[in-house]
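Undergrad:
Laid out in structure tokens, this is it:
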């Protein structure tokens, strides 16, 4: 099972994801340069967090034109696993692999802290190691984490059970106080119609070792490994 981590100019979480896959999950992993079309026979692709192209125009708006994203689209269309984390989630939305968009946080400030993410769908390749309703403590680090989509799209996400994690309180309750960025319906991440593409604002790689304060994020990567092993 081989992972690929994309590097865009400005990415700053790519090495964190690489370390987590190689040193913690003990899986083969390679970096994928944004100007390359070659996914190097990877079985899963991670679109990491960071500031792709500086986010100068709009988050992900430039990165979506990178040659590698054409290959990622084809890979996803064929059922390949794609995980977008924070800025990577935004890139997947801009590239049309996921619906909706990410906007500036309602408070217009950068927010960096651990949050409680409740697993709303434990049947995706990214959450199969979790239990439905399980609370994961995973850090966020974002200025543009306010997920938004129109009402028909939101209805479809609900109807198809495509909200994957949702921001909640430590007691597992949905409330405005547990919504760090103002996301619609406290959404912290969604999946594609086929379930093989997930975008999430929390950073699982930042909760992958005890030294980081917690290991809940590893359940995302263990889920991916399990899903690939079963195919």
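In the numbering used here, the protein residues as written are 1 to 231. For every residue, glycine included, the Cβ atom is placed at its ideal position computed from N, Cα and C.
For the alpha helix (DSSP H) that residue 218 lies in, which residues bound it at each end?
TA: From DSSP, the alpha helix (DSSP H) with residue 218 extends over 218-229.
Undergrad: At 3 residues or longer, what runs of the beta strand (DSSP E) sit wholly inside the segment 144-172?
TA: Entirely contained in the segment 144-172, the beta strand (DSSP E) runs reaching 3 residues are, in chain order, 146-148, 165-168.
Undergrad: Tell me which same chain residues have a C-beta within less than 8 Å of the C-beta of residue 92, skipping the five on either side of it?
TA: 47, 60, 82, 84, 98, 197, 199.
Undergrad: Where in the segment 19-107 do unbroken runs of the beta strand (DSSP E), each at least 3 residues long, occur, reported from the N-terminal end onward?
TA: Fully enclosed beta strand (DSSP E) runs of 3 or longer: 29-33, 44-47, 81-85, 101-103.
Undergrad: Could you check whether residue 178 and residue 116 sit closer than 8 Å to each other, using their CB atoms as the reference points?
TA: Contact flag set, yes.
Undergrad: Straight-line CA distance for residue 156 to residue 166?
TA: Computed Cα separation, rounded: 16 Å.
Undergrad: Which residues mark the beginning and the end of the beta strand (DSSP E) in which residue 235 is found?
TA: Within the shown structure, residues of the chain are numbered from 1 to 231, placing residue 235 beyond reach of any answer.
Undergrad: Please say whether residue 72 and residue 111 have beta carbons closer to each other than 8 Å?
TA: Cβ distance not < 8 Å, so residue 111 and residue 72 don't count as in contact.
Undergrad: Considering just the uninterrupted stretch of the beta strand (DSSP E) at residue 206, what are its terminal residues?
TA: Residue 206 -> no beta strand (DSSP E), and no H or E assigned at all.
Undergrad: For the beta strand (DSSP E) holding residue 113, just list the boundary residues, first then last.
TA: 111-119 is the extent of the beta strand (DSSP E) around residue 113.
Undergrad: Using the beta-carbon count (16 or more within 10 Å), is residue 77 buried or exposed?
TA: With fewer than 16 other Cβ atoms within 10 Å, it is exposed.
Undergrad: Looking at the strands, I want to know which residues DSSP matches up with residue 175.
TA: Answer is none; residue 175 lacks a bridge partner.
Undergrad: Quick one: using the 10 Å Cβ neighbour count with 16 as the cut-off for buried, is residue 37 buried or exposed?
TA: It counts as exposed.
Undergrad: So is residue 230 buried or exposed if we call it buried at 16+ other beta carbons inside 10 Å?
TA: Result: exposed.
Undergrad: Just mark residue 147 as buried or exposed, buried being the case when its beta carbon has 16 or more other beta carbons within 10 Å.
TA: Result: buried.
Undergrad: Applying the criterion that 16 or more other CB atoms from any shown protein chain within 10 Å of the CB defines a buried residue, is residue 88 buried or exposed?
TA: Residue 88 is buried by the Cβ-count criterion.
Undergrad: Throw me the rounded Cβ distance for the residue 235 and residue 138 pair, which I believe falls under 8 Å.
TA: Lying outside 1 to 231, the shown extent of the chain, residue 235 is not represented and no answer is given.
Undergrad: Compute the Euclidean distance between the alpha carbons of residue 67 and residue 95, then round it to the nearest angstrom.
TA: About 12 Å.
Undergrad: Nearest-angstrom Cα distance between residue 18 and residue 29?
TA: Those two C-alpha atoms are separated by around 7 Å.
Undergrad: Less than 6 Å between C-beta atoms, sequence neighbours within five positions excluded: which residues of the same chain meet that for residue 264?
TA: The chain is shown from 1 up to 231; residue 264 falls before or after that span and cannot be answered.
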